[in-house]
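Each number in the numbering used here comes from the position in the sequence shown (counting from 1) with 6 added on.
Inspection log for the structure reproduced underneath, given as structure tokens.
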Amino acid sequence: MLTAKVMLLGDMGVGKTSILYRLIYNRFEGQYKSTLGVEILSHDVVPADGSDPMRLVLWDTDGDFGTQIFDTVYVTGASAAIIVSDVTRPQTVTRMVELVRGFEERFPGRPYRALLNKIDLPEAAGSAGAIAELAKSLGRSSVKSVSAKTGVGIAESFVELAQTIRRRQL
Numbered sequence: 007m008l009t010a011k012v013m014l015l016g017d018m019g020v021g022k023t024s025i026l027y028r029l030i031y032n033r034f035e036g037q038y039k040s041t042l043g044v045e046i047l048s049h050d051v052v053p054a055d056g057s058d059p060m061r062l063v064l065w066d067t068d069g070d071f072g073t074q075i076f077d078t079v080y081v082t083g084a085s086a087a088i089i090v091s092d093v094t095r096p097q098t099v100t101r102m103v104e105l106v107r108g109f110e111e112r113f114p115g116r117p118y119r120a121l122l123n124k125i126d127l128p129e130a131a132g133s134a135g136a137i138a139e140l141a142k143s144l145g146r147s148s149v150k151s152v153s154a155k156t157g158v159g160i161a162e163s164f165v166e167l168a169q170t171i172r173r174r175q176l
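This is how it looks when you write it as structure tokens:
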């Protein structure tokens, strides 16, 4: 089975761990629990095209790192990244763009998905203009709106990323 290391990056409280728990355990925990350092989980993804499953080794990082994450051993050997923001907190969207740029610089040509999390919250509706600009600047296919709470867009984002990793043989 092909295995790929995928980094989860983003500010504290954007929902990185919640996204993983939704993906792996199909559950959402409403209470916030901060990740200290890194938590490593794995998940087998079955591509929609019926090809062999791929094991994603998911590195859920501490949101305190910011762009300094690229100076740590955590990112060594990364095949791809999931970079998360909270659509109700514009500063996390700005940080997400910085992390995308840092990932592109450190790992040229490696795939990523920029996930705009918490679209289930009423405050998310006010972010539509900023989200459209973000999608335009990063490339529409790399930006996805998701909700760890409801599960919208989570599994699809990881399946798409796994298919891209397989195509590029990373």
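Don't be surprised by glycine CBs; every beta carbon is placed ideally from N, CA and C.
Chain-order list of residues whose beta-carbon lies under 7 angstroms from that of residue i (same chain, five-residue window excluded)
{"i": "residue 30", "result": "47 and 49"}
{"i": "residue 148", "result": "118, 119 and 120"}
Cutoff 8 angstroms; reference residue i; Cβ partners in own chain excluding five residues on either side
{"i": "residue 127", "result": "93 and 94"}
{"i": "residue 7", "result": "50, 58, 59, 60 and 61"}
{"i": "residue 5", "result": "For the chain, the structure presents residues 7 to 176; residue 5 sits outside this window and is missing."}
{"i": "residue 97", "result": "17"}
{"i": "residue 35", "result": "24 and 27"}
Cut-off 6 angstroms between Cβ atoms - residues of its own chain near residue i, not counting five sequence neighbours on either side
{"i": "residue 45", "result": "66"}
{"i": "residue 105", "result": "15 and 89"}
{"i": "residue 101", "result": "17"}
{"i": "residue 157", "result": "28"}
{"i": "residue 169", "result": "53"}
Beta bridge counterpart(s) of residue i as assigned by DSSP
{"i": "residue 120", "result": "89 and 149"}
{"i": "residue 10", "result": "62"}
{"i": "residue 51", "result": "60"}
{"i": "residue 165", "result": "None, per the DSSP bridge assignment."}
{"i": "residue 44", "result": "67"}
{"i": "residue 15", "result": "89"}
C-beta contact flag for residue i and residue j at 8 angstroms
{"i": "residue 171", "j": "residue 10", "result": "yes"}
Taking 8 angstroms as the threshold, find out whether the segment 51-66 comes into contact with the segment 158-168 through three or more Cβ pairs. They touch, by the three-pair rule.
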